[in-house]
Amino acid sequence: MEQDDADGSLDSWARFCSLSNELLGGDGDLSVGPRLAPVVADLCTRGLATLVRDYFLHSLEETFRNNAVKKFWQHFHPYCNASPVDRIKFCVKEHWPEEILSGALEDICLEKSYQEKCVLVLVHALQSYEDRTPKRKFKAVDCSSSLMPRYQLMVSSVLLTTLPLSFPEILNVYFKKKLEELNIIMAGSYESDQLGNHELFESSNTSDWHSGMDIDGQDVSESSCLVKNIGKVVRDLRCLGFTSMTEDAYSSAIIWLLKSKVYELAGDDYRVPVLGSVKKWIQAVPLQFLHALLTYLGDSVDYDSGSSGLKSPLASRPSSFPGIGVPSEALVRWHMRLEYFAYETLQDLRIGKLFEIIVDYPESSPAIEDLKLCLEYTGQHSKLVDSFISSLRYRLLTAGASTNDILHQYVSTIKALRTIDPTGVFLEAVGEPIRDYLRGRKDTIKCIVTMLTDGSGGNASGTGNAGDNLLEELNRDAENQENADYDNHANIDEKQAWLNSESWEPDPVEADPLKGSRNRRKVDILGLMVSIIGSKDQLVNEYRVMLAEKLLNKSDFEIDSDIRTLELLKIHFGESSMQKCEIMLNDLIDSKRTNSNIKTSLLKTSQTVAGQEEAEISHDVLDATIISSNFWPPIQTEDLVVPASVDQLLSDYAKRFHQIKTPRKLLWKKNLGTVKLELEFEGRSMQFTVAPVHAAIIMRFQEKSSWTSKTLATEIGIPMDSLNRRISFWTSKGVLTESAGPDADDHTFTVVDSMSDVNKNSIANERLAEYQMTEEEGESSVASVEEQLKKEMTVYEKFIIGMLINFGSMSLDRIHNTLKMFCIAEPSYDKSLQQLQSFLSGLVVDEKLETRDGLYLLKR
Amino acid sequence: NTMKVKILQWHAVASWTWDAQDETCGICRMAFDGCCPDCKFPGDDCPLIWGACNHAYHLHCILKWVNSQTSTPLCPMCRREWQFKG
Numbered sequence: 001m002e003q004d005d006a007d008g009s010l011d012s013w014a015r016f017c018s019l020s021n022e023l024l025g026g027d028g029d030l031s032v033g034p035r036l037a038p039v040v041a042d043l044c045t046r047g048l049a050t051l052v053r054d055y056f057l058h059s060l061e062e063t064f065r066n067n068a069v070k071k072f073w074q075h076f077h078p079y080c081n082a083s084p085v086d087r088i089k090f091c092v093k094e095h096w097p098e099e100i101l102s103g104a105l106e107d108i109c110l111e112k113s114y115q116e117k118c119v120l121v122l123v124h125a126l127q128s129y130e131d132r133t134p135k136r137k138f139k140a141v142d143c144s145s146s147l148m149p150r151y152q153l154m155v156s157s158v159l160l161t162t163l164p165l166s167f168p169e170i171l172n173v174y175f176k177k178k179l180e181e182l183n184i185i186m187a188g189s190y191e192s193d194q195l196g197n198h199e200l201f202e203s204s205n206t207s208d209w210h211s212g213m214d215i216d217g218q219d220v221s222e223s224s225c226l227v228k229n230i231g232k233v234v235r236d237l238r239c240l241g242f243t244s245m246t247e248d249a250y251s252s253a254i255i256w257l258l259k260s261k262v263y264e265l266a267g268d269d270y271r272v273p274v275l276g277s278v279k280k281w282i283q284a285v286p287l288q289f290l291h292a293l294l295t296y297l298g299d300s301v302d303y304d305s306g307s308s309g310l311k312s313p314l315a316s317r318p319s320s321f322p323g324i325g326v327p328s329e330a331l332v333r334w335h336m337r338l339e340y341f342a343y344e345t346l347q348d349l350r351i352g353k354l355f356e357i358i359v360d361y362p363e364s365s366p367a368i369e370d371l372k373l374c375l376e377y378t379g380q381h382s383k384l385v386d387s388f389i390s391s392l393r394y395r396l397l398t399a400g401a402s403t404n405d406i407l408h409q410y411v412s413t414i415k416a417l418r419t420i421d422p423t424g425v426f427l428e429a430v431g432e433p434i435r436d437y438l439r440g441r442k443d444t445i446k447c448i449v450t451m452l453t454d455g456s457g458g459n460a461s462g463t464g465n466a467g468d469n470l471l472e473e474l475n476r477d478a479e480n481q482e483n484a485d486y487d488n489h490a491n492i493d494e495k496q497a498w499l500n501s502e503s504w505e506p507d508p509v510e511a512d513p514l515k516g517s518r519n520r521r522k523v524d525i526l527g528l529m530v531s532i533i534g535s536k537d538q539l540v541n542e543y544r545v546m547l548a549e550k551l552l553n554k555s556d557f558e559i560d561s562d563i564r565t566l567e568l569l570k571i572h573f574g575e576s577s578m579q580k581c582e583i584m585l586n587d588l589i590d591s592k593r594t595n596s597n598i599k600t601s602l603l604k605t606s607q608t609v610a611g612q613e614e615a616e617i618s619h620d621v622l623d624a625t626i627i628s629s630n631f632w633p634p635i636q637t638e639d640l641v642v643p644a645s646v647d648q649l650l651s652d653y654a655k656r657f658h659q660i661k662t663p664r665k666l667l668w669k670k671n672l673g674t675v676k677l678e679l680e681f682e683g684r685s686m687q688f689t690v691a692p693v694h695a696a697i698i699m700r701f702q703e704k705s706s707w708t709s710k711t712l713a714t715e716i717g718i719p720m721d722s723l724n725r726r727i728s729f730w731t732s733k734g735v736l737t738e739s740a741g742p743d744a745d746d747h748t749f750t751v752v753d754s755m756s757d758v759n760k761n762s763i764a765n766e767r768l769a770e771y772q773m774t775e776e777e778g779e780s781s782v783a784s785v786e787e788q789l790k791k792e793m794t795v796y797e798k799f800i801i802g803m804l805i806n807f808g809s810m811s812l813d814r815i816h817n818t819l820k821m822f823c824i825a826e827p828s829y830d831k832s833l834q835q836l837q838s839f840l841s842g843l844v845v846d847e848k849l850e851t852r853d854g855l856y857l858l859k860r
Numbered sequence: 001n002t003m004k005v006k007i008l009q010w011h012a013v014a015s016w017t018w019d020a021q022d023e024t025c026g027i028c029r030m031a032f033d034g035c036c037p038d039c040k041f042p043g044d045d046c047p048l049i050w051g052a053c054n055h056a057y058h059l060h061c062i063l064k065w066v067n068s069q070t071s072t073p074l075c076p077m078c079r080r081e082w083q084f085k086g
């Protein structure tokens, strides 16, 4: 019995083996199926079901490996064995790897589908046995159902274990090429659609992307055919078990294409917004592609009807996409993923170029808007701060950049970042290094004041950049002043207060809690400028000096633009801080009135004695600015002896003033003012606008054509060196010539007497040349703030020196605090840190001190 | 001599002063050439006035003083009866 059994088993097994070999080796001949069933059933009754299954799978694997897999990989061998350089050659080939890939896939899938049929034959055989013996619980039960999955697993594991390393690369190249192809097709229809949109816009608003597609039916078929091909490849790859590898390949290809699209659209042009077109493109190309692909693969249906538990809470579904309709969950995920990537790419691109973008700020505001939207989405503000600060350090805060440029960039930065982040948190972080740097520059205050007051009108000195005119800014802020007046809580009515408190939002996480809350951090350009200087008093003081300089050098009384500036400054700094400046301007207004009164009355009286002083100058030429000197900054006074004729005019004028304004008196500042004069040579004249001292010098040459500097200096009442400095104006204009005088430091100056000589020496050759003193030639009438400060600080110099002898080296703060602590007796120390710093930097320039690592020490 | 200088305009600068003997007003201690604490602008808006005793004050300062006195007003400096110098 046992022997029989064993023989039967061996017999059945042998038959099974030959039948299965026949089945697998046969060319699509499935006719062995019916013969196989009884053999399998017999073997199963003998309890050999698993053996049957395993043997079958094993021989499937052998066949698959030897026939299909080898052949499959052979297709790719030329590429895999090539050197990196040669691989590029492959990539450039037109139909590579498309042809090879689809051919190879077709072959292997054909083989696989035949094998699947074979598997099914066995499955049927096993099943029919199981069906006949339902009560008996045999192992064969799981044999039939587990056969197919095991087969699939076998296929993919065979393929994966023999996978050449560069296969994913090939897939990637394939998808890239296909997507590019698709992009070109879509771009054509996309563009024609845009054109169509434009034309159709007036007639009907219904034209959307999809209708554009429909109009261009050829594109639709072309692209859908392309997608179908891709879909087939994807399906084949999936069927071989390359699901995730395929997905990786096309995802990275899409991302790659998206990235290059963003780069292409964004470029270096900051004047056009690109975010919109990037988003449109995402919907037009990658999403259409994915939609078509997912639909072809049948995935979208699964997701669509799938349980809602799968749905991401983030994926609030857009009602529909153009040309797609209600999107599937997978598509929504893709959409979000692609958009996020686009935002991030664009953001990184813009952040990298933020410096340039801010340089052309008002023009580049579209780029700033884009960046703002990107950052809102990604929340990577800190990236911006870090990158921008480092580019500032590298490109702006260097010795080569002028203070003006830095300030302009600072203002642009404020404006640009205010758009991105209205709370000013990031601006604070970015602005700090700029402010710190500017504090170390001596001309900062001057430049700030110039920026503030230059522009809008009347100022000849600046070719002021209209975009950066801070007055404009002041003006606009002035209009918003009422709303911004947050200090005045009494003015906010209860309802408004309630609304304010309801709209409260916490500060961004990046906010520095030490810097106060959102309210106080309101972005105020002027406030930020003042914070560079340290206090508004210093700014006002500098403004006063500059205003004084400007007013004292005027040859008329036109001050409309200055009044306007002052009014704006009053709004920001308070009336009381601007009081002195107001008095200064008021002096000009008063002077204008007094001047015309005096002149009218003088001319009347001079008419009565006319003829007597015919050769003299008329009272008409004299105008005077009469100042309330207590309210002006310290004036540079210098003795000057003006020619007798002018002196007569001045004393007449002063006399008349005293008559009109008794008991007030006039004190002339003879060195100040401006003189317009004409030099008349034979048949030629030249006009000049000069300082009184220059006029006094040249007028002396009427009496005598040649002077030595010593005698002239004595005549005019100024020191020799000062005369030499001033007289060079006339020699440079070719009016006087200089020659060696009686001794080494005494020179002789002579009027150039013939016209030809004048022409030779002077550049001017018009009949009436007009000269204006340039800024270097002119001299300041007012002691600069720096000079004033230096004078006041000199008292402390020996304290500072003494300190440094004792302590070696000290920081600015420490010097400041020590002075505050010990200099309490007259004159008590009342300077600000910034003032001390600028004084110390003066001492460094004078080589009395030096700085090392932010510490001051004595220069040895 | 061949060169002549023709002055077309001489715009000069001067400052004004009340020319009082003292620097500051004895009442408000502000400079005479400045203005009293109640005024915004010096000069015409805030004139000086001399008393018969030759002491000068800001007009507004001495008026305030005179008006605040119940009996005959005296010069704050010399305590003589205050009379405006005619």
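Those protein sequences? They're chains A and B, same order as listed. Each step along the first sequence adds one to the number in UniProt numbering, with nothing skipped, and position 11 is 11. Each step along the second sequence adds one to the number in UniProt numbering, with nothing skipped, and position 4 is 4. Backbone N, C-alpha and C define an ideal beta-carbon position, used for all residues, glycine too.
Can you pull the chain B neighbours of residue i, defined as C-beta to C-beta under 7 Å?
i: L800/A; result: Just to set this straight, residue 800/A is Ile in the shown sequence, not Leu. Near I800/A there are no residues of chain B at all, since even the closest Cβ is about 32 Å away, more than 7 Å.
i: L858/A; result: Those within 7 Å of L858/A in chain B number zero; the least Cβ separation is about 41 Å.
i: E678/A; result: K6 and L8
i: G431/A; result: Correct list: empty, because the minimum Cβ distance to chain B is about 37 Å.
i: N586/A; result: F41
i: E682/A; result: T2
i: M699/A; result: V5
i: I617/A; result: I7
DSSP three-state label for residue i, please.
i: N595/A; result: helix
i: S685/A; result: strand
i: I448/A; result: helix
i: M810/A; result: strand
i: S128/A; result: helix
i: A399/A; result: coil
i: S739/A; result: strand
i: Q9/B; result: strand
i: G734/A; result: coil
i: I49/B; result: strand
Round the Cβ separation of residue i and residue j to the nearest angstrom and send it over; I've been treating them as touching at under 8 Å.
i: W334/A; j: L371/A; result: Wrong, their Cβ atoms sit about 24 Å apart, outside the cutoff.
i: I434/A; j: I406/A; result: 7 Å
i: L667/A; j: A14/B; result: 6 Å
i: residue 929/A; j: V621/A; result: Absent from the model: residue 929/A. The displayed extent of chain A is 1 to 860, so no value can be given.
At the 8 Å Cβ level, is residue i part of the contact set with chain A, yes or no?
i: M3/B; result: yes
i: G86/B; result: no
i: D33/B; result: yes
Cβ closer than 8 Å: which chain B residues qualify as neighbours of residue i?
i: A624/A; result: H11, A12, V13 and A14
i: Q702/A; result: N1, M3, K4 and V5
Is the Cβ of residue i closer than 8 Å to any Cβ of chain B?
i: W668/A; result: yes
i: T398/A; result: no
i: Y377/A; result: no
i: E715/A; result: no
i: S555/A; result: yes
i: D652/A; result: no
i: V646/A; result: yes
i: G673/A; result: yes
Chain B partners of residue i, CB-CB under 9 Å?
i: K665/A; result: W16, T17, W18 and D19
At 8 Å on the CB atoms, spell out the chain A contacts of residue i, in chain order.
i: P42/B; result: I583, S628, N630 and F631
Please compile the residues from chain A whose C-beta is within a distance smaller than 9 Å of the C-beta of residue i.
i: I51/B; result: Checking the sequence, you will find Gly at residue 51/B rather than Ile. None at all; the shortest Cβ gap to chain A is about 14 Å.
(Q) Please give me, in chain order, every unbroken run of the alpha helix (DSSP H) with length at least 4 that falls completely inside the segment 542 to 597 of chain A. (A) Secondary structure in the segment 542 to 597 of chain A: the alpha helix (DSSP H) runs of 4 residues or longer, each lying completely within the stretch, are 560 to 573 in chain order.
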